[in-house]
Every structure is written in C-alpha cells, then in structure tokens.
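Right, one structure below, let's go through it.
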Amino acid sequence: MQISVLGIPMDLGAGRRGVDMGPSALRNAHLAARLRELGHTVSDLGDVDVAIPETLDKLETGGLVFLDSIQHACRSAAESVAALPEGVFPLTLGGDHSVSMGTVTGNALRGKPGGARIGLIWVDAHTDYNTPQSSPSGNIHGMPVAHLTGLGDPQLAGLGGGWHMRPEDIVMIGIRSVDGRERDLMREAGIKAYTMKDVDQLGMTRIYEETLERLSGTERLHVSFDADALDPTVCPGVGTPVPGGLTYREGHLLMELLCESGRVTSMDIVEVNPILDTLNQTAEVMVGMAASLLGQRIM
C-alpha cells in the first residue's frame, strides 16, 4: 500500500501547549520504518503550515480560542489531503484533535468534489461534540465532531463547502469524559458512543462488530485515534488524561480487527504531547497502534 504521512503541528486548539511537537515525536518513534517493514511504500509530505499568532495570549473570536489560525491550518490540511490520488492511504499526525476537522473533510472530498459518505471511528476519552455555546473553555479541540456535522462556527463547519458528516455515520469508542450540555447535544444528534462501561461490559470484539454494521453504508472509513483514549498508564504524554481508559491490548485489538475488515481508508493520530511524556513512550505506543491498523500481526 502507498501511505502518505502528513504532519499538522498545531496545539492552538488545546488548553495545554506541546502537542505541536507530536508529529516530530511520532516520526522519531520510527513510524515510517515500522510501516515499511510491513511492506508499505511510505512518503512523508512534511508538515502543513500553521500560522502562529504574534502573541500566544489566548485570542478569542466569538468564544473560540485562536479561531483564525486553526481555521487556516484545518483548511490547509483539508486541501492537502483532498489533493492526494485515490488509492493512497493518508496517515495524518497531530497536533491537537481540532486538526481532524481538516483531515476528515479532506478525506471525504478526495476524488469526489461533492464529498463522499464517510464513516468516522472516533477513539477518544472525550466526545469532542461541544459547540462555541456549550464549551466551558472555548478550546476548539473539544469541538471538532460538532463542526464536522455542521454545528458551531460557520468558518469551521464550512471547511467542506456544503459537505457535512451524517451523525449516524459516527461511532465513538473509549468515552469517559463528557460535558453536561455536550451530552445533551450528543443525544439530540443520535451519535453512537461506546463508553468505558460499554467496553467493560461488551468487550472490544462485539463493539467492533456493531461498529462495522452501523457504518456498513459508508463509502470510506476514517479512524481518528486520540492518545488519551488509552489509559494514562499506557499513554502518559497527553494534555487531558482521564483515568480508566482503554488498555494496551484493547487498543491493539480494535486496530487489528479494523485491519482485517479491509475497510479503513485513512487515519489520524492526535494529542501526543512530548512535553508531558516519559522517554517518548506515548509516541511509541501510538506508532504501534498505527502499525496494527496497517497490517502488523503477532504471528
């Protein structure tokens, strides 16, 4: 398989600095070499340009922190991904989770100007379904899924022109931290979320099977993997750790099953923060997750 790696070194959507170094940490964890060992051809496209404000004091526009810079970076990411030829597997590296507004949009528009029907598997401790009105912080990394479905700020919700995701085409796995109003918005939208209680009760194999059944009508399938979905003992280098997360094996099992499905067409790895990490542990774990999605096997 031809894999194109694209970095988006942006931390403006997060409440803590440092995830802008995530792409470098993932590359230094031998991402390309691991994938080439699996027989893939890997091209590194470098990084999307991120316009950093002259001051890093929080600049708010309509309740959104660093809106203009984030919108610019997400639009650049969407255009870069959309320009890739069909048959290429885009592997995008964040950066905070707001970058997924650009990457998911770009993957939907690739080779299809009106936008493909894309399924989204959101592996995360958080639902990221806040709007500017519901967000307690104004940090945009807590809002990408809402904007992908057309809610929120018109600049961010309009990255795909008239294209938006269908809420029924989104499945979240690993959820254990949801804001109050955000919970209401999720229920109103009808998005399927598997909390950690569900993971404990149902097991990852059943969750995978139900997810693939729910997304069976989609044309493409994107996996967006936030490092904080995994327990902080597994991935300590994240800005918003939540105890009680996915185990190392639960994460790998989900990736292995998705690989076997043959349906995944693109992936994000986000929220790796080297400043908060221990000996690049989190980046190394997340490179392993990508390798499992892309064909690594125990035997």
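Under our numbering, the very last position in the sequence shown is 287; numbers go up by exactly one each time.
Ideal Cβ placement from N, Cα and C applies to all residues, glycine included.
Computed from a prediction, not measured in an experiment: that's the story for all the values here.
Helix, strand or coil at residue i [DSSP, three-state]
i: Gly(-5); result: strand
i: Val258; result: strand
i: Met243; result: helix
i: Gln(-10); result: strand
i: Thr183; result: strand
i: Ile286; result: coil
i: Asp85; result: The amino acid occupying residue 85 in the given sequence is His; Asp does not appear at that position. Correct three-state label for His85: helix.
i: Val159; result: strand
i: Leu209; result: strand
i: Thr253; result: coil
i: Asp219; result: coil
i: Val53; result: strand
i: Leu139; result: coil
i: Ser165; result: strand
i: Leu97; result: helix
i: Asp265; result: coil
i: Leu144; result: helix
i: Leu234; result: strand
Delimiting residues of the alpha helix (DSSP H) encompassing residue i
i: Thr80; result: Careful: Thr80 lies outside any alpha helix (DSSP H), inside the beta strand (DSSP E) at 76 to 82.
i: Tyr301; result: As shown, the chain starts at -11 and ends at 287. That puts residue 301 outside it, with no answer to give.
i: Gly168; result: 168 to 177
i: Gly276; result: 269 to 281
i: Asn127; result: Element bounds for Asn127: n/a, residue is neither H nor E.
i: Ala13; result: 10 to 16
i: Met153; result: Neither: Met153 is in no alpha helix (DSSP H) and is coded neither H nor E.
i: Arg202; result: 192 to 202
CA-to-CA distance, residue j to residue i, given in whole angstroms
i: Thr29; j: Arg169; result: 44 Å
i: Tyr117; j: Phe213; result: 15 Å
i: Tyr236; j: Ile128; result: 28 Å
i: Val69; j: Gly162; result: 27 Å
i: Pro155; j: Leu200; result: 15 Å
i: Glu198; j: Ile(-4); result: 31 Å
i: Pro101; j: Asp219; result: 39 Å
i: Met192; j: Leu245; result: 9 Å
i: Ile158; j: Ser165; result: 17 Å
i: Ile58; j: Gly148; result: 15 Å
i: Leu14; j: Arg5; result: 17 Å
i: Ile195; j: Tyr182; result: 8 Å
i: Asp288; j: Gln(-10); result: Since the first residue of the chain shown is -11 and the last is 287, residue 288 is not available in this structure.
i: Pro229; j: Asp216; result: 6 Å
i: Pro120; j: Val76; result: 35 Å
i: Asp37; j: Thr80; result: 14 Å
i: Ser64; j: Gly3; result: 22 Å
i: Leu72; j: Leu26; result: 22 Å
i: Leu52; j: His152; result: 20 Å
i: Cys62; j: Asp84; result: 11 Å
i: Arg285; j: Gly99; result: 31 Å
i: Gly225; j: Gly276; result: 15 Å
i: Val252; j: Ser122; result: 32 Å
i: Ala39; j: Met(-2); result: 9 Å
i: Ala113; j: Gly233; result: 7 Å
i: Gly178; j: Asp172; result: 10 Å
i: Leu23; j: Asp186; result: 32 Å
i: His60; j: Glu248; result: 36 Å
i: Thr137; j: Gly94; result: 14 Å
Residue i, enclosing beta strand (DSSP E) - first and last residue
i: His135; result: His135 -> not in any beta strand (DSSP E); alpha helix (DSSP H) instead, spanning 132 to 136.
i: Glu111; result: According to the sequence shown, residue 111 is Val rather than Glu. Start and end: 106 to 111.
i: Arg22; result: Segment 19 to 25 is the alpha helix (DSSP H) holding Arg22; no beta strand (DSSP E) there.
i: Thr29; result: 29 to 35
Contact belief for residue i with residue j at Cβ below 8 Å, rounded distance in angstroms
i: Leu144; j: Met89; result: 6 Å
i: Ile257; j: Ala278; result: 6 Å
i: Val260; j: Gly10; result: 4 Å
i: Met160; j: Thr115; result: 6 Å
i: Glu238; j: Ala104; result: Actually they do not touch by this definition, with Cβ atoms about 29 Å apart.
i: Gly82; j: Val(-7); result: No, Gly82 and Val(-7) are not in contact; Cβ-Cβ is about 12 Å, not under 8 Å.
i: Val87; j: His210; result: Incorrect: roughly 13 Å between the Cβ atoms, too far for contact.
i: Pro124; j: Asp167; result: 6 Å
Contact test: residue i Cβ vs the ligand ATP heavy atom, cutoff 7 Å
i: Met(-11); result: The model depicted lacks the ligand ATP and carries no ligand whatsoever.
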